[in-house]
Amino acid sequence: MTHYRFHILCCGGTGCKASNSAGIVRKFEAVLKEKNINDVQVITTGCFGFCEKGPIVKILPDNTFYVQVKEDDVENIVNEHIIKGRKVERLLYTDPKSEGHVSDSKHMGFYKKQMRIALRNCGFINPEDIREYIAREGYAALGKVLTEMTPEAAIDEMTKSGLRGRGGAGFPTGLKWGFARKSVADQKYVVCNADEGDPGAFMDRSILEGDPHSVIEAMAICGYCIGATKGLVYIRAEYPLAIKRLQIAIDQAREYGLLGKDILGTGFEFDIELRYGAGAFVCGEETALIHSMEGQRGEPTVKPPFPAVKGYMGKPTNVNNVETFANVPVIYLKGADWFNKIGTEKSKGTKVFALAGKINNVGLIEVPMGTTLREIIYEIGGGIKGGKKFKAVQTGGPSGGCLTEKDLDTPVDYESLAAAKSIMGSGGMIVMDEDNCMVAIAKFYLDFTVDESCGKCTPCRVGNKRMNEILDKIIKGNGTMEDIELLKNLATVIQDTALCGLGQTAPNPVLSTLNNFYDEYVAHVKDKKCPAGQCKDLLSYVINPDKCMGCTACARKCPVAAITGTVKQPHKIDQAKCIKCGTCLDTCKFGAISKQ
Amino acid sequence: MDMIKITIDGKVFEVEKGITVLEAARKNGIRIPTLCHMNLSGLRFVNKPASCRVCVVEIEGRRNLAPACATDVMDGMVIKTHSIRVLNARRTIIELLLSDHPKDCLVCMKSGNCELQDIAHEFGVREVRYDENCAMSTYRKDKSPSIIRDMDKCIMCRRCETMCNEIQTVGALSAVNRGFNSVVAPAFEQNLVDSACTFCGQCLAVCPVGALTEVDHTWNVIQAINDPKKVVLVQTAPAVRVALGEEFDMEPGTIVTGKMAAALRRLGFDYVFDTDFAADLTIMEEGSELLDRLQRFLGGDKTVKLPILTSCCPAWVNFFEYNFPDMLDVPSTARSPQQMFGPIAKTYFLEKLREKPEYKDLKREDMVVVSIMPCVAKKYECSRPELSYEGNPDVDYSLSTRELAAFIKRMNIDFNSLPEEDFDRPLGESTGAAVIFGASGGVIEAAVRTAYELLTKQQCPSVDFKQIRGLEGMREAIVPLPEGMPLKEIKIGIANGLANARKLLEAVQRGECDYQAIEVMACPGGCIGGAGQPYHHGDSSIIKKRQEAIYREDAGKPIRKSHENPYIQKLYEEFLIKPLGEKSHHLLHTHYFKKREKYEEVDD
Amino acid sequence: MAVKSLADLKKMSSEFKNTVSLRENGDNVDSLIQIKVAMATCGIASGAKEVMDFYLEELDKQGIKAVVTQTGCMGYCYAEPTIEVKLPGKDPIVFGHVNVEKASEILEKYIKNGELVEGIIPVNYETVK
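Top to bottom, those sequences are chains C, B and W.
No gaps in the numbering here: position 297 of the first sequence is 425 in my numbering, and each next residue is one more.
No gaps in the numbering here: position 117 of the second sequence is 118 in my numbering, and each next residue is one more.
No gaps in the numbering here: position 118 of the third sequence is 1462 in my numbering, and each next residue is one more.
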């Protein structure tokens, strides 16, 4: 057996793949071959999480973390690092605070506060090789449950661990399994909800791309617990890489006898099939998801009956989200007590977040429950981009709410976020700075829910559309104070009466911006101004004649010829022609142009 | 029965476990308004998507308002049905619905019968506070020979979808698109006429608004009546006489045969005839066909198709043409009564008229046959090319019961004070056997009355084959034959509602069916529940009352067997010669088409 | 390739272990024995490659968890091949003139038992973290 001196891990997550990580892998293999180096292994892994600086190349055992690597850098890395043992300084991550290079991932602020349970294998193993998963004690939890525990005992252990659904609602997983176990039927189903639909969220995708076996193993465990032999993964068709890796993983698990009949000689049978979703957000709601899998229109129905009683094809069905499942094997390996010690009183373990927006370190993170928003935004996320001022953070995606400066010390757990009038959600976290208009933000989210409404119930189908129209009116400067009142009433009624979670939570961004940034709404309505300077209809670009040197640069760049003036004379902007693109502002070297 | 205690609006009630809040409230006289919800008990139709949210109520301890129609009562539940929170939510929701609904009530066919209009009025919604230019969800209009779809008016209650898919298994209508643009429509942007639609019209019978309505031919009829060149005949179907009265505030189940004949005469029809006459004729033909098949079968002919399927219902004909193209030789070839009446009128009766000097030059195209039907599929049937002669349809116009009522009102006729009059002769005489065509099981009972006697050459012990009657969707009846017959009994299957018809047909396909005859009616309950009847607004007891009236009318008839109708006997003597004879073949029988293929060829 | 029982799975897991052990060790570097072999031109010329291979194989054979990495020239070109050994919780020690024989002695005495052996080069610098 070859003794490898180095492992070169290249991120093969969708983000890094998009910036040519596959080309980097090929180049490494070619260069190593050309130089006749055969004691270095190149591995494509799942997402490292630090997507901001992708593509990522990590070299082990010395934990060197290279960022934004290009194909042309490969030769250099091999020559310097692999052959001569010298790190390539210019490719190391630069700490934004100290401005020094950080050579190893252990010392990067991004990773320091993180604790990776669900993501334990992401960016570490080759997701397309079951042996690497087995080497990391993969399927040992399944083995343990099958050989040492009764289904009831295994459910008890799950309940004791305190794991709660990571899809957003936070329902205790053990309880859910218990309900499905209690239903009597000739067939039951385990369904994995991989229909991740929040804008900007990619937790589930990364887990499936980076560690598909953990989900497969967990589904089999769940199957044993509830008494199901069939598993279905409802995965969006827009996740081709996740689908490919999951399918490879399922095939390998079958080949190794870890799926199929008589698993590990225990007589337990379980197999998994994939079902593709067409990307409707509402299909993340479990009843809609089940209808979609059955070939029906993806629409929610009233619960009860709950899927645990009457689900897929009318049979008892347990639906869990990808991240929930990813936590399961570790819990059985390390025990409920171990898991129970992580997190806060009612929210145990960790949570994965997709960090996005106006933040330095955009990416995928996993932190223990109870970590504060401040820690996440400033320590892990590296603070606000371009040194701007923090304004708000939206948790829970379009169903969530925005939290402000005063909420920054809120520990991230189900209860605290709810108390702060937002939600945990599935893990989207979008940071906004002073340039974001909160009315526009509310409209942005509402645009999404209006698009994604299935159209079944009146409040969601018509109500959200009307809210969106009112917001549009306000943004365009045509709103009235009555409109704000109408908006408030509408939001409250929709929340109170919509059929499913999508509709009920759709008004949240509106209500929470109304609560936290009421003045901003009033400014749009009364002063016809957008304080953040984002709403085009409410701002004008003007040239200060005292500062204008008449250099004509702005007039030449203006795409609609709205700027006139003679050389060396102050210029003027024709407001009727101006399309508010902002090009003149960026062009002016004398600071003569301003937004008003 | 397990009883539990609940509190509604401060009062404690004992109700049975397992019912919904809405049911519990209604049973105790508390009205909770609903819109999408509809439960036709006894007719298997339940629509409770809980989607309109008008029926929301406040339940103590719950975070959100709950839809009363889809929330089961629980012991100790405390419910508020009219708190300000509930009232505000309902008003907001109705206002939202109105904001996406055309405000053309003045010209809407459903005005006065519109549930949205009623509820808006009830809630005193006097303005819609959204921008007058707010977006409206629109979809192109679609007009078929029977049904008009104006989806701009659709409120997404999905009753039509439930009806089309669950009760009828036609599958023509389903929700497409999503969110604000979601709409109920045939798949692939098809027009209704190119889809699997059978034109049974049950969708429009349950539509709360004017999104689904029937094609109105009243004006064509008025024009024909006022054209001096034209002789206008009218025929009325059996189920109309037991429902028309409802439109004039009479008790459901009131029989108005005499007043109806009087009204038709006053509307200006030249001859007021009865489709029942044609129903008797249908029995002669169809009964003979059954007999013929039975005798051939008993004679050892293995190619005989049994059971025979009735073919009176045009929606049913459309259904099997589309869904069972391999079985087109199984149904009876006998035309429906409407379409037997047409050619007899335009040949036999035309010849008789020409004997009169004033009509001696009367042309076929100047004789206009109008039918009054409880049905909207009949309109489509009139338009079928094979049911015409040299381009002139056998039946020119078909009006629904509702259209007739509106016509009578428009012509300023005080229906309730009209005298009872009789139909004209010869095409107005009928037997009790013909009347019962209007209820599920009636056609086959009428056929049995005749076939029994023709087969056994003996009198029926009783004409009331009560085992055949009922509103259940699928029934089976056995008629014992007297000793010494080659067949011990006749086994009959009866289906109403096309889902049940599909089940029976599939059993026939698998060879699991030992019936000799099957009657199918597309509409739940038969023609009494037809889509052209006065709106039942969700009250299925009305249909039950119409059914009872049908059998009362039958019992009151002096002659109750089709073959004993003297005018039928005369028709055969003078004109047709014998059932299944050459003239019958041309005038009273038809053939079927593979409907699906027809359209698939067009698509290529 | 089918895994027939839990015992099978466990066996397989330990077989596959070394496919990822390099990575796992790298992840827990502070708690492990670290051996850095100076592999600059001077080191390689004097036989550092053989020393590195010896450690990679021998540690694996004996089942000792350790991280063997290569490093650049440490500046003791006169004493090549040089290696730096850091036991958990102790200061790193640099050994000079390490051939395979010496490497074996360091392994047996210092790495396994903490006994110092000859050939230590006094460290005269600090590594900047």
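The beta-carbon is built from N, C-alpha and C at its ideal position, and this holds for glycine as well.
Note that this is a predicted model, so its numbers are computed, not measured.
Start and end residues, beta strand (DSSP E) containing residue i
{"i": "residue 1413 of chain W", "result": "1410 to 1415"}
{"i": "residue 492 of chain C", "result": "491 to 496"}
{"i": "residue 176 of chain B", "result": "175 to 177"}
{"i": "residue 486 of chain B", "result": "That residue, residue 486 of chain B, is in no beta strand (DSSP E); it is neither H nor E in DSSP."}
{"i": "residue 321 of chain C", "result": "317 to 322"}
{"i": "residue 398 of chain B", "result": "398 to 401"}
Continuous alpha helix (DSSP H) stretch holding residue i: start and end
{"i": "residue 237 of chain C", "result": "237 to 240"}
{"i": "residue 267 of chain B", "result": "258 to 268"}
{"i": "residue 1360 of chain W", "result": "1350 to 1371"}
{"i": "residue 288 of chain B", "result": "276 to 299"}
{"i": "residue 349 of chain B", "result": "Looking at the DSSP string, residue 349 of chain B is not in any alpha helix (DSSP H), and its letter there is neither H nor E."}
Beta carbon of residue i nearer than 7 Å to that of residue j
{"i": "residue 474 of chain B", "j": "residue 498 of chain B", "result": "yes"}
{"i": "residue 443 of chain C", "j": "residue 310 of chain C", "result": "no"}
{"i": "residue 346 of chain B", "j": "residue 234 of chain B", "result": "yes"}
{"i": "residue 407 of chain B", "j": "residue 562 of chain B", "result": "no"}
{"i": "residue 251 of chain C", "j": "residue 140 of chain C", "result": "no"}
{"i": "residue 354 of chain C", "j": "residue 446 of chain C", "result": "yes"}
{"i": "residue 60 of chain B", "j": "residue 67 of chain B", "result": "yes"}
{"i": "residue 323 of chain B", "j": "residue 146 of chain B", "result": "no"}
{"i": "residue 566 of chain B", "j": "residue 398 of chain B", "result": "no"}
{"i": "residue 336 of chain C", "j": "residue 370 of chain C", "result": "yes"}
{"i": "residue 536 of chain B", "j": "residue 134 of chain B", "result": "no"}
{"i": "residue 257 of chain B", "j": "residue 425 of chain B", "result": "no"}
{"i": "residue 54 of chain B", "j": "residue 628 of chain C", "result": "no"}
{"i": "residue 297 of chain B", "j": "residue 307 of chain B", "result": "no"}
Residue of the options minimising C-alpha distance to residue i
{"i": "residue 648 of chain C", "options": "C:564, C:677, C:493", "result": "C:564"}
{"i": "residue 35 of chain B", "options": "B:300, B:23, B:29, B:534", "result": "B:23"}
{"i": "residue 271 of chain C", "options": "C:458, C:363, C:242", "result": "C:458"}
{"i": "residue 330 of chain B", "options": "B:432, B:595, B:7", "result": "B:595"}
{"i": "residue 574 of chain B", "options": "B:485, B:514, B:410, B:349", "result": "B:349"}
{"i": "residue 342 of chain C", "options": "C:454, C:238, C:155", "result": "C:454"}
{"i": "residue 244 of chain B", "options": "B:14, B:189, B:404, B:305", "result": "B:404"}
{"i": "residue 1458 of chain W", "options": "W:1464, W:1431, W:1446", "result": "W:1431"}
Paired residues, beta bridge with residue i - DSSP
{"i": "residue 40 of chain B", "result": "B:47"}
{"i": "residue 522 of chain C", "result": "C:530, C:558"}
{"i": "residue 483 of chain C", "result": "C:491, C:557"}
{"i": "residue 388 of chain C", "result": "C:398"}
{"i": "residue 671 of chain C", "result": "C:721"}
{"i": "residue 494 of chain B", "result": "B:477, B:519"}
{"i": "residue 215 of chain B", "result": "B:148"}
{"i": "residue 700 of chain C", "result": "C:692"}
Proximal residues of chain A, C-beta to C-beta of residue i below 7 Å
{"i": "residue 135 of chain B", "result": "The structure shown contains no chain A; the protein chains it does contain are C, B and W."}
Legend entry - Any 3 or more C-beta pairs closer than 8 Å across the segment 199 to 209 of chain B and the segment 511 to 526 of chain B: yes
Inset, instruction - Kindly confirm or deny that the segment 521 to 530 of chain C and the segment 552 to 568 of chain C touch, where touching means at least three C-beta pairs closer than 8 Å. - result: yes
Inset, instruction - Check whether the segment 1441 to 1455 of chain W touches the segment 1389 to 1398 of chain W, taking contact to mean three or more Cβ pairs, one atom from each stretch, closer than 8 Å. - result: yes
Legend entry - contact_flag[the segment 699 to 713 of chain C, the segment 671 to 683 of chain C] where n(CB pairs < 8 Å) is 3 or more: yes
Legend entry - Contact between the segment 487 to 503 of chain C and the segment 461 to 476 of chain C (3+ Cβ pairs under 8 Å): yes
Inset, instruction - Give a yes or no on contact between the segment 176 to 188 of chain C and the segment 475 to 491 of chain C, applying the rule of three or more CB pairs nearer than 8 Å. - result: yes
Inset, instruction - Could you tell me whether the segment 531 to 545 of chain B touches the segment 42 to 60 of chain B, using the rule of 3 or more Cβ pairs below 8 Å? - result: yes
Legend entry - Segment contact flag, the segment 599 to 618 of chain C with the segment 99 to 118 of chain B, C-beta cutoff 8 Å, min 3 pairs: no
Inset, instruction - Say whether the segment 289 to 301 of chain C touches the segment 400 to 408 of chain C, bearing in mind that this needs 3 or more beta-carbon pairs closer than 8 Å, one atom from each stretch. - result: no
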